[in-house]
Amino acid sequence: MIARMSSPKCPLAPSIASAFCGASVAKLFRARTILSLLFSCMLWLNPAYAAEHAVILLYHHVADDTPAVTSVNPAEFAGHLEYLERNGFHVLPLNELLHKLAGGSALPEKSVAITFDDGYRSVFKNAVPLLKKRGWPFAVFVNPTAIDRGYGAYMNWDELRKVRSMGGEILNHTGSHDHLIRRREGEASGEWEKRVTADIISAQRRIEDETGPAEKILAYPYGEFSLSLKRLVGELGYVGLAQQSGALSATYDSTAVPRFPIMGKYAGSQCFSERVNARPLPVTILRGADNVLAADQRRPLLRARIGEGGFDADSIRCYRSSGEPLNIKWVNRQMREFEIMSAADLAGGRSKYSCTAQALDNPRSYYWYSHLWIIPKKDGSWPKE
Numbered sequence: 001m002i003a004r005m006s007s008p009k010c011p012l013a014p015s016i017a018s019a020f021c022g023a024s025v026a027k028l029f030r031a032r033t034i035l036s037l038l039f040s041c042m043l044w045l046n047p048a049y050a051a052e053h054a055v056i057l058l059y060h061h062v063a064d065d066t067p068a069v070t071s072v073n074p075a076e077f078a079g080h081l082e083y084l085e086r087n088g089f090h091v092l093p094l095n096e097l098l099h100k101l102a103g104g105s106a107l108p109e110k111s112v113a114i115t116f117d118d119g120y121r122s123v124f125k126n127a128v129p130l131l132k133k134r135g136w137p138f139a140v141f142v143n144p145t146a147i148d149r150g151y152g153a154y155m156n157w158d159e160l161r162k163v164r165s166m167g168g169e170i171l172n173h174t175g176s177h178d179h180l181i182r183r184r185e186g187e188a189s190g191e192w193e194k195r196v197t198a199d200i201i202s203a204q205r206r207i208e209d210e211t212g213p214a215e216k217i218l219a220y221p222y223g224e225f226s227l228s229l230k231r232l233v234g235e236l237g238y239v240g241l242a243q244q245s246g247a248l249s250a251t252y253d254s255t256a257v258p259r260f261p262i263m264g265k266y267a268g269s270q271c272f273s274e275r276v277n278a279r280p281l282p283v284t285i286l287r288g289a290d291n292v293l294a295a296d297q298r299r300p301l302l303r304a305r306i307g308e309g310g311f312d313a314d315s316i317r318c319y320r321s322s323g324e325p326l327n328i329k330w331v332n333r334q335m336r337e338f339e340i341m342s343a344a345d346l347a348g349g350r351s352k353y354s355c356t357a358q359a360l361d362n363p364r365s366y367y368w369y370s371h372l373w374i375i376p377k378k379d380g381s382w383p384k385e
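Using UniProt numbering, you'd call the opening residue of the sequence shown number 1 and step up by one each time.
As structure tokens, then:
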């Protein structure tokens, strides 16, 4: 029997600037050079700037009267900031964190970025003042259509301009906040591309008209992406942020950047600690990269190869997003290749397979990887949200 280390104590989550000043994040991701690799090696001369990983946190509502599944209450959020401060974390601008990882520049140990999707007014009221007090940067992803229509739950443009003046980046969450992976009835591939492209570009233009220049960083609505959407987003020159859990390495996928959702039952202090101390589990997908499934593909197989790292590969445990363990089948132990597949049908909508391994040098830190699946209901229709 293989000895296994402990897994995270809280549930698994459900459903670059200095060396390349002036370049966009997306361009930097494609422009790694020998020089940047040599520079990365030099970072080890300074242990405080030796990190090759970082964590991005994702919040939605910061309130006690909003849906729990997408909320943290103000006291919990304050506790998160106090934890970061007390434990010596470096809160970086999202743009800077992505640039530095992609470009091989110095990154402090314990680097995190704080992001908010949708631009809810509760963030302006309950989160921004606490961040401003500490002088900490953050990013807010907004969909301009909701703002222009005056929906009361969202910040207006005046408030967003104030957010920017207090250190917040105002970034693109599309105009429609639609499920971008879904084609409309009778819509051809080229028509879908034109529609999604217009949605992204028009939102970017509106944001810049109201709040000033914005980096080309897109947060996928609902965290949903597909191979086709990733390709399109990359061709448009954007970095794409998703919602599957995990930390970033220097070789992060720039069109499927992981973030840890912090909300509901995952907002407690122990869950928060596990997430901000996470490290990237080096996974290469061999089968299962096409994460959007047909209605009859309810038990998808994921085959992957685990790279080297500060963990024992035999300690890896994998789970469905509902928390049930997944059986790990080692296909080639020498090559560290394994397969996982759910023993029960996945429900329609978004599901994840998540794998963790305990760090050898820190029992409170886990190497973490999550894989997103998106599947219609059994009748072929999509769940309504």
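A virtual CB, placed ideally from N, CA and C, is assigned to each residue, including glycine.
Legend entry - Of the residues Met341, Glu85, Glu385, Asp312, the one placed nearest Ser357, counting alpha carbons only: Against the sequence shown, residue 357 aligns to sequence position 357. The identity of residue 357 in the sequence shown is Ala, whereas the question assumes Ser. The residue with the shortest Cα to Cα distance from Ala357 is Asp312.
Legend entry - Contact the segment 243-252 vs the segment 271-290: 3+ CB pairs below 8 Å: yes
Legend entry - His177, enclosing beta strand (DSSP E) - first and last residue: Here residue 177 corresponds to residue number 177 of the sequence shown, with the count starting at 1. Per DSSP, His177 belongs to no beta strand (DSSP E) and is neither H nor E.
Inset, instruction - Report, in whole angstroms, the separation of the C-beta atoms of Lys110 and Phe124, which I expect to be a contact under 8 Å. - result: Indexing the sequence shown from 1 puts residue 110 at position 110. Indexing the sequence shown from 1 puts residue 124 at position 124. 27 Å between Cβ atoms; not a contact.
Legend entry - Which of helix, strand or coil DSSP assigns to Ile374: For this step, residue 374 is matched to residue 374 along the sequence shown. Of the three classes helix, strand and coil, the one that applies to Ile374 here is strand, per DSSP.
Inset, instruction - Give the secondary structure of Asp117 by DSSP, where H, G and I count as helix, E and B as strand, and everything else as coil. - result: Within the sequence shown, numbered from 1, the residue matching residue 117 stands at position 117. Three-state DSSP puts Asp117 in a strand.
Inset, instruction - May I ask which residues mark the beginning and end of the alpha helix (DSSP H) holding Val163? - result: Residue mapping note: residue 163 aligns to position 163 of the sequence shown, counting from 1. Unbroken alpha helix (DSSP H) run through Val163: 157-165.
Inset, instruction - Could you check the C-alpha separation between Asn95 and Glu215 for me, to the nearest Å? - result: Looking up residue 95 in the sequence shown gives position 95. Looking up residue 215 in the sequence shown gives position 215. Taking the straight line joining both Cα atoms gives about 7 Å.
Inset, instruction - Decide yes or no for the touch test of the segment 65-79 against the segment 185-194: beta carbon pairs closer than 8 Å, at least 3 of them. - result: no
Inset, instruction - Note down, in chain order, each residue of its chain lying with its Cβ closer than 6 Å to the Cβ of Ala203, except the 5 sequence neighbours on either side. - result: For the purposes of this step, residue 203 is identified with residue 203 of the sequence shown, where counting begins at 1. So the list reads Pro144, Asn172, Thr174, Gly175, once near-sequence residues are dropped.
Inset, instruction - From the DSSP output, in three-state form, read off Phe89 for me. - result: By one-based count along the sequence shown, residue 89 stands at place 89. Phe89 falls in the coil class under three-state DSSP.
Legend entry - Local Cβ density within 10 Å of Ala344, reported as buried at 16 or more and exposed below that: Taking the first residue of the sequence shown as 1, we reach residue 344 at position 344. With fewer than 16 other Cβ atoms within 10 Å, it is exposed.
Legend entry - Extent of the continuous beta strand (DSSP E) run through Ser351: In the sequence shown, residue 351 corresponds to position 351, counting from 1. That run of the beta strand (DSSP E) goes 349-358.
Inset, instruction - Please name the residue, chosen from Glu185, Glu235, Glu210, that lies closest to Asp158 on a Cα-to-Cα basis. - result: Within the sequence shown, the letter at position 158 stands for residue 158. Checked all of Glu185, Glu235, Glu210; the closest Cα to Asp158 is Glu210.
Inset, instruction - Pull up the distance between the alpha-carbon of Pro221 and that of Pro108, whole angstroms please. - result: Sequence index remark: in the sequence shown, residue 221 carries index 221 (1-based). Sequence index remark: in the sequence shown, residue 108 carries index 108 (1-based). Taking the straight line from one Cα to the other gives about 30 Å.
Legend entry - Segment contact, 8 Å Cβ cut-off, at least three pairs: the segment 261-274 with the segment 289-300: no
Inset, instruction - Enumerate in chain order the residues of its own chain whose CB-to-CB distance from Ile170 is below 7 Å, with the five nearest sequence positions on each side excluded. - result: For the purposes of this step, residue 170 is taken as the residue at position 170 of the sequence shown. Excluding residues within five positions, the ones whose Cβ falls inside 7 Å are Val140, Val142, Leu160, Val163, Arg164, Ile207, Thr211, Ala214.
Inset, instruction - Decide if Glu85 is buried, meaning its Cβ has at least 16 other Cβ atoms within 10 Å, or exposed. - result: As a first step, residue 85 is located in the sequence shown; it is residue number 85 there, counting from the start. Exposed, by the Cβ-count rule.
Inset, instruction - Note down the Cα distance separating Leu35 from Asp64, rounded to an integer number of angstroms. - result: For the purposes of this step, residue 35 is taken as residue 35 along the sequence shown, with counting starting at 1. For the purposes of this step, residue 64 is taken as residue 64 along the sequence shown, with counting starting at 1. Annotation note: pLDDT 37 at Leu35 (below 50); position unreliable, no value reported.
Legend entry - Reference Pro137, options Ile56, Lys194, Asp178, closest by Cα: Taking the sequence shown and counting its residues from 1, one reaches residue 137 at position 137. For the residues Ile56, Lys194, Asp178, the minimum Cα distance to Pro137 belongs to Ile56.
Inset, instruction - Output yes or no for whether 7 Å exceeds the beta carbon distance between Ala359 and Glu52. - result: Translated into positions along the sequence shown, residue 359 becomes position 359. Translated into positions along the sequence shown, residue 52 becomes position 52. Cβ atoms of Ala359 and Glu52: not closer than 7 Å.
Legend entry - Under 7 Å between C-beta atoms of Thr255 and Gly234: Translated into positions along the sequence shown, residue 255 becomes position 255. Translated into positions along the sequence shown, residue 234 becomes position 234. In this structure, Gly234 lies closer than 7 Å to Thr255 by Cβ.
Inset, instruction - Could you tell me which residues DSSP pairs with Ile285 in its beta bridges? - result: Within the sequence shown, residue 285 is the residue found at index 285, counting from 1. Ala304.
Inset, instruction - Report the option in Asn73, Val257, Arg231 whose CA atom is closest to the CA atom of Ala102. - result: What you label residue 102 is simply residue 102 of the sequence shown in a count that begins at 1. Looking at the Cα atoms, Val257 is the closest of the given residues.
Inset, instruction - Report the partner residues of Ala54 according to the DSSP bridge assignment. - result: Within the sequence shown, numbered from 1, the residue matching residue 54 stands at position 54. In the DSSP output, where bridge partners are listed per residue, Ala54 has Leu248.
Inset, instruction - Tell me where the alpha helix (DSSP H) around Gly103 begins and ends. - result: As a first step, residue 103 is located in the sequence shown; it is residue number 103 there, counting from the start. First-last of the alpha helix (DSSP H) with Gly103: 94-103.
Legend entry - CA-to-CA distance, His99 to His61, given in whole angstroms: The residue labelled residue 61 in the question sits at position 61 within the sequence shown. The residue labelled residue 99 in the question sits at position 99 within the sequence shown. Each residue's alpha carbon lies about 27 Å from the other.
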